[in-house]
Amino acid sequence: MLSQRIIGKLRRYEGWFAAASAVCIATGLYMGLVTSPPDYYQGEVVRIMYVHVPFAQGAMFAYTLLFAGSLWYLWKREPLVDNMCHAAAGVGVFFTTVALVTGSIWAKPTWNTWWTWDPRLVSFAVLLVVLIGYLMLRTFLDDREKEATYAAVLAIVGFVDLPIIHYSVEWWRTLHQPLSISMRGVSIAPGMLVPLTFMSIGLTLLLTYMIMVRTQMIYLQRLLEAKQGRLLSQVQL
Amino acid sequence: MRFFKVIRWIAWKDLLSEIRNRENISSMFFFALIVILIFSFSFSTDPEVIKEVMPGIIWVAFGFTGVIGLGKSFLAEVQNDCLEYFQMAPIPKGAIYLGKFAGNVLFMLAAEMILFPLFILFFNLNVLDKLPQILLILVAATVGLSALGTLFSALTVQIRAREVMFPILLLPLAAPVFIGAVESTRGVFNGDPFTFYSDWIQLLIVYDIIFMVVSFWVFEFILDY
């Protein structure tokens, strides 16, 4: 069984990912919180960037993975790929939520508001809603193959829509009022770039590790269900 | 040619059943009417305020109307096991989607055509000389909403908690339709020249094309399971 071999490989190598991500995150946090310089304008507040930006990147990475996996699933119908998509969506919800929450905490001292209708914020909020909708849709279906197909279709439609949502919101805002604070044009000093890179790599590894673990969990869960004969009885119906 | 014949027959069948029982359009119409009434309680009737919030009210009402009408689009097929005949029939699956989609666009437009004069009447809008622009916005936004709504109607029709899942999936992904429609409608009500808001109509048309193509492609996967 190919999928069993892959699951075995995942179990074997997941530890390396966990260890590497722990090392990267520890280094990045130390450099970011202790050795990196405070920002000229924002002071010490800027240090939340080392958490916020990598989490946002991770969320987008998770959704890209979900999209690629969904296309692959519709093409090849490989249940393990569907388990990976399911895992990526769940982990993506976590990363998106953390990115939104840390962003909100960062926005309070810098922009003096918890929330603003900035295009990036709105598209991230929509991303979160779509991912939660994706997970909800999965819980409401009993037939596993149907669940996987429907979920893949939803992921693809949502992924196609996200850039349109982003640009429409950007347009909507810029036509009404120019953005008072923009992230664009802020170049990053080398002293900040190094810890940020460490955190990005570390959190990408953490994301990969979480998806690996979750994929195994979902795979085993499905296997157990099949062995309990629930799938069999569905077929007989 | 067969492809277009299938589209025509499916749209025709939906229209015929709608003409006979008038379920969809009447429920859409009354629902939107109630939404307008409720909104009129929540804002003052100051003409300036009305002008500011009116485009939003119209599109919230039409959006919910779409949720009511589009959500039921595939329900009739399930009740009589017609979905299985769709699956078995040797016809292109994309044509089934386009047929249902055409029917839905017609229903929604019909409901909107009855509602829009009422809006003008209730809120004293002075827009009769801008009818072509308004029609263009109505059609562009309705096509976008129906393209996604028809797909999600097929997606949610066979699952539990259908009534909850349909708006949860549709409304966030239809955000560009609402933004484009509200902004262009505001342009019309403000009396701006057409070029001021033609970008929004372009956005609506781009959205329409993208989602008709994507939905047409993925519909096959939905119907197969």
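Which chain is which? The protein sequence lines are A and B, in order.
Residues in the first sequence are numbered from 1 upward in steps of one, following my numbering.
Residues in the second sequence are numbered from 1001 upward in steps of one, following my numbering.
Yeah, the Cβ is synthetic: ideal placement off N, Cα and C, and Gly gets one too.
**Prompt:** Given that Y1097/B touches chain A, what residues does it touch there, using C-beta distances under 8 Å?
**Reply:** Here the premise fails: no neighbours, minimum Cβ distance about 12 Å.
**Item:** Assigned secondary structure, G43/A (DSSP; H/G/I helix, E/B strand, else coil)
**Value:** strand
**Asked** What does P1176/B touch in chain A if you count any residue whose Cβ is under 7 Å from its own?
**Response** I164, I165 and S168
**Item:** Any C-beta of chain B under 8 Å from that of D161/A
**Value:** yes
**Listed by chain order, chain A residues near I1222/B by CB distance under 8 Å** = T149, Y150 and V153
**Asked** Shorter than 8 Å from the beta carbon of W117/A to some beta carbon of chain B?
**Response** no
**Message:** For a test of the three-state rule: what should DSSP assign to W115/A, helix, strand or coil?
**Reply:** coil
**Asked** Under 8 Å between the Cβ atoms of T1156/B and F1101/B?
**Response** no
**Request:** Assuming G58/A and T204/A form a contact by the criterion Cβ under 8 Å, report the distance between their Cβ atoms to the nearest whole angstrom.
**Result:** 6 Å
**Asked** Taking C-beta to C-beta, are G28/A and G191/A nearer than 8 Å?
**Response** no
**Message:** Counting only Cβ pairs nearer than 9 Å, list the residues of chain A close to L1075/B.
**Reply:** Here the premise fails: no neighbours, minimum Cβ distance about 16 Å.
**Partner residues on chain A for R1160/B, Cβ-Cβ distance less than 7 Å** = F140
**Item:** Straight-line gap, Q228/A to C24/A (C-alpha atoms, nearest Å)
**Value:** 42 Å
**Asked** Which residues, taken in chain order from the segment 1146-1159 of chain B, show a beta carbon closer than 9 Å to some beta carbon of chain A?
**Response** L1148, L1151, F1152, L1155, T1156, Q1158 and I1159
**Asked** Taking the C-alpha atoms as reference points, what is the distance between D1224/B and R77/A?
**Response** 13 Å
**Request:** Might you give, ordered along the chain, the residues of its own chain that have their beta carbon closer than 8 Å to the beta carbon of N1189/B, omitting 5 neighbours on each side?
**Result:** Here residue 1189/B is Phe; the residue named in the question, Asn, does not match the sequence. So the list reads K1051, M1054, P1055, L1125 and V1127, once near-sequence residues are dropped.
**Item:** Exposure label - F1219/B; buried when at least 16 CB within 10 Å
**Value:** buried
**Residues, ordered as in the chain, of the segment 50-83 of chain A that lie near chain B by beta-carbon distance below 9 Å** = L74
**Request:** Tell whether a beta-carbon distance below 8 Å holds between F67/A and F159/A.
**Result:** yes
**Request:** List the endpoints of the continuous alpha helix (DSSP H) containing Q57/A.
**Result:** M49 to K76
**Request:** Can you grab the Cα-Cα spacing for the pair F1115/B / L131/A, in whole Å?
**Result:** Rather than Phe, the amino acid found at residue 1115/B in this sequence is Leu. Computed Cα separation, rounded: 34 Å.
**Item:** C-beta contact flag for M1165/B and F55/A at 8 Å
**Value:** no
**Helix, strand or coil at D1208/B according to DSSP, with G and I counted as helix** = helix
**Request:** Apply the 10 Å Cβ neighbour rule to K108/A and answer buried if 16 or more other Cβ atoms are within range, or exposed otherwise.
**Result:** exposed
**Message:** If the criterion is Cβ atoms closer than 8 Å, does the pair V1182/B and L1145/B meet it?
**Reply:** no
**Asked** Taking L1118/B as the reference, which of I1057/B, L1083/B and G1099/B has the closest Cα?
**Response** I1057/B
**Request:** Leaving out five residues on either side along the sequence, give the residues of the same chain with a beta carbon under 6 Å from the beta carbon of I1210/B.
**Result:** none
**Request:** Take the Cβ of S233/A as the centre, count every other Cβ of all protein chains shown within 10 Å, and call the residue buried at 16 or more, exposed below.
**Result:** exposed
**Ranges of the alpha helix (DSSP H) found wholly within the segment 1031-1103 of chain B, counting only runs of at least 4** = 1047-1071, 1075-1079 and 1082-1088
**Prompt:** In the structure shown, what three-state DSSP assignment does N1190/B receive?
**Reply:** helix
**Asked** So, is the C-beta of G158/A closer than 8 Å to a C-beta in chain B?
**Response** yes
**Message:** Measuring alpha carbon to alpha carbon, tell me which residue in L162/A, R138/A and M199/A is nearest V51/A.
**Reply:** M199/A
**Message:** So if I threshold CB-CB distances at 7 Å, which residues from the segment 99-133 of chain A count as touching chain B?
**Reply:** V126, V129, V130 and G133
**Message:** Just checking: is the beta-carbon of F1212/B within a distance shorter than 8 Å of some beta-carbon in chain A?
**Reply:** A small fix is needed here, since residue 1212/B is Met in this sequence, not Phe. With 8 Å as the cut-off, M1212/B does not count as an interface residue toward chain A.
**Request:** Return the residue from the list F1064/B, V1213/B and R1020/B that minimises the CA-CA distance to I1034/B.
**Result:** F1064/B
**Item:** Close beta carbons around V126/A, own chain, < 6 Å, minus the five adjacent residues each side
**Value:** I165
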